[in-house]
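Worksheet: one structure, shown below.
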Amino acid sequence: MSIEADRVMLPAAPAGEMIHPVWVRVTHWINAVAMIVMIGSGWEIYNASPLFAFVFPREITLGGWLAGALLWHFAAMWLLALNGLVYIVLGILTGRFRRKLVPIRPGEVFADAKAAFRGKLSYDDLSVYNAVQKLLYLGVILAGVVIVLSGLAIWKPVQLQELTALFGGYDAARYVHFFAMAAIVGFLVLHVIMSLLVPKSLRAIFTGR
Ligand code: HEM
Ligand code: HEM
1174 MSIEADRVML PAAPAGEMIH PVWVRVTHWI NAVAMIVMIG SGWEIYNASP LFAFVFPREI
1234 TLGGWLAGAL LWHFAAMWLL ALNGLVYIVL GILTGRFRRK LVPIRPGEVF ADAKAAFRGK
1294 LSYDDLSVYN AVQKLLYLGV ILAGVVIVLS GLAIWKPVQL QELTALFGGY DAARYVHFFA
1354 MAAIVGFLVL HVIMSLLVPK SLRAIFTGR
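In my numbering, the protein residues as written are 1174 to 1382.
Put into structure tokens, the structure is as follows:
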């Protein structure tokens, strides 16, 4: 009885706290779907006129051929850009970015990276990101902004010529777009591996707790 009474008086245990509010979870999963469509269709677009001496295997591209891939790319870009805008605006207005993603101190990044490689990083409190997570999350958000802007620059190089010029012209914007994709794919591989290694973090991005 008395234990029960004590419980009521105590603040909620960390395990019961809301880690990811609903707007983070909804925008996260819409973004994941949109990103995968953009990556798959982008690879098919790339294959039609490769920038480098390789192409992506057809089995992992989306759209079947250039025109099909462009349709997918231009359909999912609205979802990606609008959803991303909602996430960034709410991230700023609610103070989430300020609370969870900054400051990032180089010393802490090195220390946490070292601990991570030794398997000594603590994942007890999911509501606080370690320095490596902060760096990667902020980095991928910036890569998302760059890929949308460079995408717009190569989509409408005449109407948006100031934007295209900002990237150093159409050809340079195409390279920027490509390397931003590579950064996002690199993040995604690591991100999915880490979330599978820490299953309770995966649960939290679905249920919030
Ligand atoms: C608002 C967002 C975006 C817009 C407006 C956009 C637009 C475009 C355009 C116009 C092209 C070139 C089509 C052509 O050469 O005819 C392209 C290519 C491509 N996009 Fe996007 N894109 C966006 C987001 C993304 C995202 C999120 C990814 C992947 C994470 C991505 C990956 C690619 C790739 C890999 C290519 C082929 C690169 C090349 O060979 O030039 N794009 N995109
Ligand atoms: C498709 C598979 C994906 C899985 C399984 C996944 C899983 C997760 C998990 C478990 C978390 C919470 C992690 C934590 O507590 O640190 C998370 C957060 C996050 N994910 Fe993903 N994710 C996926 C796709 C993506 C993609 C495509 C992006 C962006 C390109 C992304 C960006 C983020 C960001 C920025 C956060 C932090 C959100 C915040 O706290 O505001 N994720 N993800």
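Virtual Cβ for every residue (Gly too), placed ideally from N, Cα, C.
For residue i, the three-state DSSP class (helix, strand or coil)
i	result
V1331	coil
V1275	coil
G1312	helix
L1339	helix
T1380	helix
A1226	coil
G1236	coil
G1292	coil
V1301	coil
R1180	Bear in mind that a pLDDT of 48 at R1180, under 50, signals an unreliable position, so the number given afterwards is only what the model happens to contain. Helix.
E1281	helix
I1192	coil
M1174	Residue placement at M1174 is flagged as unreliable, the pLDDT there being 41, under the threshold of 50; a coordinate-derived value is accordingly withheld.
Check whether residue i and residue j have beta carbons under 8 Å apart
i	j	result
A1316	A1353	yes
K1307	L1333	no
Y1296	T1200	no
A1242	I1218	yes
G1324	H1350	yes
Start-to-end residues for the alpha helix (DSSP H) that takes in residue i
i	result
I1261	L1239 to L1266
A1346	Y1343 to L1370
R1198	V1195 to A1221
Cβ shell of residue i (< 7 Å), same chain only, five flanking positions each side left out
i	result
Y1343	I1327, P1330 and T1337
G1215	H1246 and M1354
Whole-angstrom C-beta distance between residue j and residue i, which should lie under 8 Å
i	j	result
I1203	L1252	7 Å
L1239	Y1348	So it is not a contact: roughly 19 Å between Cβ atoms.
A1249	A1207	5 Å
Own chain, CB closer than 8 Å to residue i, minus 5 neighbours either side, in chain order
i	result
F1360	L1309, G1312, V1313 and A1316
E1190	S1300 and R1382
Cβ shell of residue i (< 6 Å), same chain only, five flanking positions each side left out
i	result
Q1374	The sequence shown places Ser at residue 1374, not Gln. Excluding residues within five positions, the ones whose Cβ falls inside 6 Å are L1299 and S1368.
A1286	V1305
G1213	T1234 and L1235
| task | Just jot down, in chain order, the residues whose CB lies closer than 7 Å to any heavy atom of ligand 4. | result | Of the ligands one can find in the structure shown, namely ligand 1 and ligand 2, none is ligand 4.
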